[in-house]
Amino acid sequence: MSTAMDYTRGEQWLIGESRFCREQLGKAESVFSLGNGYMGLRSATEEGYLGERRGLFVAGCFNCASENEVTELPNGPDVLGAELTLNGCRFALDTGKILSYDRTLNLRTGELRRSVTWEAPEGEQYQLEFTRFVSRARLPLIGQKITLRPISGEVDVVLRSGLNGQMTNSGAQHFLELQKRSYDRKYLQYTSKTNQSGIDFVATQTHLFQVNGEARHIPGVMAMGRRKIFGDYALHLNGGDTLVVEKLSTIHTSRDKALEACTTQEIQEYGLAAIREVEALGYDALFAESKALWEKEWAESEIQVTSENPFDQLAIRFAQYHLSIMTPSHDDRMSVGAKGLSGEGYKGHTFWDCDQFVLPYFTFTQPEKAKSLCSYRYNTLPGARKKAEEGGFRGAQFPWESAWVSDGEVTPALGDADLITGLPQVIWTGKIEQHITADVVYGIWQYVQATGDMAFLREKGYPVILETARFWCSRLEEGPDGRLHLNDVIGPDEYKEHVSDNAYTNYMAWWNMTLAKKCLETLGGEGELQAKLADCIARIYLPQPDETGLMAQDATYLTLRDIDLTKYKNQDYVLGIYKDYNAHQLNSIQVSKQADILILFYLLENLFDEKTKAVNYRYYEARTLHDSSLSLSTHCILASDLDEREQAYGFFRKASEIDLGPNMRSSDEGIHSASIGGIWQSLIFGLAGVRLTDGVLRIRPRLPKAISRIAFPLWWQGERLKVMVEGNTITIHNTNRGTTHVYTDCYQSR
Ligand code: BGC
């Protein structure tokens, strides 16, 4: 499919859309989405179209719509909608003519702008501009501005605009309506409550009008429909007049820390006071304070990529922008969902995507945010203990999908239709995809090592490390060979269910237990656990390379049928293999959905020699379809480690195109947070060769031909480093100490 996206503007700070594209509404809503970690706002249009997926998600506000569903992030009230009627004709881009069109997301400022010259079916022409932002300075605030200029002559304008509580999550209704009302014919307020978790949502809104730069009071005719409240604002414009409407909205919830103890009425009063306060400032001043915070963040975190393909620079900024808006670092009871806050996909749940793919970015660039994400995992320990207990195990087993801190496991039981049986497929991941327990520990340990945050380790790190190790000890099963095995699991490769001794899971469990043992050597005590760990570490089965260097992804993988995968490898869409095989059949073929054993070779790189890495990279790359968006970054990193620079660059480009390219339609349900983190990992861990292993930070760049320079910030032990990789040289400037070290001849090829 061709794309309407334009990546060539504004020195790689702007993502443009050069034509109105009905087919890509959903994807564009995700790619252009706005947010601030408190909430995420899909970039649906003001006027609305068939096929759109309007969405506003407030972090942490999980709710379970009905008994046979799992908890999810509900789609909050729509605040964006605004219908313009011009001389009796409703403004809509699928009627009349579009004379010019442009939509741009400015990654530097977080503002979305859409400019249109539109000819109504009757022939009158209008210039319209819509801008909006989600404030970084005031987390519950969304600012919108609509500018209208009639070109052909005078016009009677009616603006219908307000708050719409009819939103659902693909039909599932999460809210009970509590109250809707207007104040002073000016302020609108819509109050609802989630039907199971009982969270109050209070949306408050005001509209401000200016004609030719002069403020105008236009009293609205307020109306209420079912689950909505809006105002009709009517006025007359002469040709060449300019109307500016500022629409300011706030969303407060009873989950906000500051409002937790408040009654619904107090939250409503708070919302009203907040809207009065922002109204006095107006869009421009509010946008300026938000923009100033974006500028500060960019000044601290900007990465420069000098590449033959300017898209590379844009891709990393796009990734950093989304990493920033998806992360609820204001509250450590919340984490990053697989789709961030940009869509309904994966129900807002947190997966290993966060610990292994998103967290490293923050660990190395904004450690305070990393700490918040690590604390979230600590805060979910009670749920992890519960999950272990329910499975008959000890210690803490982290849920495959995680939501509110006390929820425990929230993976749905059933998924898509089975090709052969026609029944919904059982989702096994929540029961047997267990490597996440070690992934959580890996992420926390990286944070501790990179920051030296011993207070965190003592208070929150140790309990997680020890409890998870206790889980693994109880989970291992003794086989006839006297070794300890992990039977009946799913590894990262979800095309292989109910396998034994998945290499990734076994090694990570071993690593988790080994870390716990080391911690106990420092801490002392827990004699029984120490003895158990010593035994489990000595006896756990760890697959070894055969004489050629090949390692088995799991106990049976190498015995399975090999088929010609060319067709699926060449498809420009993912999951195509499901059109020919069901999950059961995929279990009997040597095909991997995503990077599996290969992740080990970089997470635990010191355990394996070059030959093993190279042999396995070649073997498994040929059998991996990258049907999960978080696969490509691993292959990029490994290719780079193996000095396959051009292949690594190819993976980096592909990873960058998952959300920005036209093909991956799963972006419609939200951007892919792990892939977004993977763009950063591909560039920094892959091409720039940064790695933290066994407490040692190393940089071993392998720049491909197209890239001549990468400059990036890196936090290490509380100090901010500015690293520049260029030509044969690495320059490291320590901004805390003011020292600079230059290392030359760093580019030895193998
Ligand atoms: C992948 C998982 C991932 C999940 C959420 C699945 O398709 O196989 O590894 O955690 O998506 O992104």
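Read in order, the letters of the sequence shown correspond to residues 4 to 753 in our numbering. For glycine and all other residues, C-beta sits at the position ideal for the given N, C-alpha and C.
In the structure shown, Cys67 falls within a coil segment according to DSSP collapsed to helix, strand and coil. The beta carbon of Thr508 is closer than 8 Å to those of Gln437, His438, Ala441, Leu489, Val492, Gly494 in its chain, skipping five residues each way along the sequence.
Scanning the region 328 to 405 from its first residue to its last, the whole alpha helix (DSSP H) runs of 4-plus residues come out as 362 to 368, 370 to 382, 384 to 393.
For Asn167 and Gln316, the gap between their C-alpha atoms comes out near 38 Å. Ranked by how close their Cα comes to the Cα of Arg230, the residues Arg219, Thr245, Gln176, His255 have Gln176 in first place. Between Arg723 and Val158, the alpha-carbon positions lie close to 57 Å from each other.
Contact check for Ile232 and Leu191: beta-carbon distance about 5 Å, within the 8 Å limit, so the pair qualifies. Sorting Val408, Thr517, Asp456 by C-alpha distance to the C-alpha of Arg473 places Thr517 at the top. A distance below 8 Å separates the beta carbons of Tyr605 and Asp644.
Listed as beta-bridge partners of Leu108 by DSSP are Ile18, Leu115. A contact is defined here as three or more CB-CB pairs under 8 Å, and the region 102 to 110 fails this definition with respect to the region 65 to 74. Contact residues of the ligand BGC (beta-carbon closer than 6 Å to any heavy atom; chain order) are Ala341, Tyr349, Phe354, Trp355, Asp356, Pro495, Glu497, Lys596, Gln597, Ser631, Leu633, Ala677. Straight across, the Cα-Cα distance linking Ile270 with Asp81 is about 19 Å. If you check the CB distance, Ser670 and Val34 come in under 8 Å. Taking a contact to require three or more Cβ pairs closer than 8 Å, the region 267 to 284 and the region 107 to 118 do not qualify as touching.
Between the alpha carbons of Gly51 and Ser676 lies a distance of about 26 Å.
Within the DSSP secondary-structure output, Pro716 pairs in a beta bridge with Lys725. Nearest neighbour of Arg25 by Cα position, chosen from Ala47, Tyr465, Trp16, turns out to be Ala47. The three-state secondary structure of Lys499, taken from DSSP, is coil. By the Cβ neighbour-count rule, Ala276 is exposed, with fewer than 16 other Cβ atoms within 10 Å of its own. Here Ile493 carries a coil assignment [DSSP, helix/strand/coil]. The DSSP-derived three-state label of Lys708 is coil. For the pair Gln650 and Ala31, the Cα-to-Cα distance works out to about 29 Å.
Taking a contact as a CB-CB distance under 8 Å, the pair Ile682 and Ala322 counts as one, their CB atoms being some 4 Å apart. The continuous alpha helix (DSSP H) containing Val443 extends over residues 439 to 454. Non-local beta-carbon contacts of Ser293 in its own chain, meaning distances under 7 Å to residues more than five positions away in sequence, involve Gly113, Phe136, Ser138, Arg139, Ala140 in chain order. Annotation: the region 154 to 205 contains the following complete segments of the beta strand (DSSP E) (minimum length 3 residues), in chain order: 158 to 167, 178 to 186, 190 to 197. With fewer than 16 other Cβ atoms from the protein chains shown falling within 10 Å of its own Cβ, Met457 counts as exposed. Comparing alpha-carbon positions, the option among Leu536, Trp513, Pro704, Leu663 lying closest to Leu523 turns out to be Leu536.
With contacts defined as CB atoms closer than 8 Å, Leu384 and Tyr465 fail to qualify as a contacting pair. Under the criterion of beta carbons closer than 8 Å, Leu641 and Lys616 qualify as touching, at roughly 7 Å.
With a threshold of 16 other beta carbon atoms within 10 Å, Ala598 meets it and is buried.
Bounds of the beta strand (DSSP E) holding Met225 are 224 to 228. DSSP, reduced to helix, strand and coil, places Asn609 within a helical segment of the structure shown. Where Gly411 is concerned, there is no enclosing alpha helix (DSSP H), because DSSP gives it neither an H nor an E.
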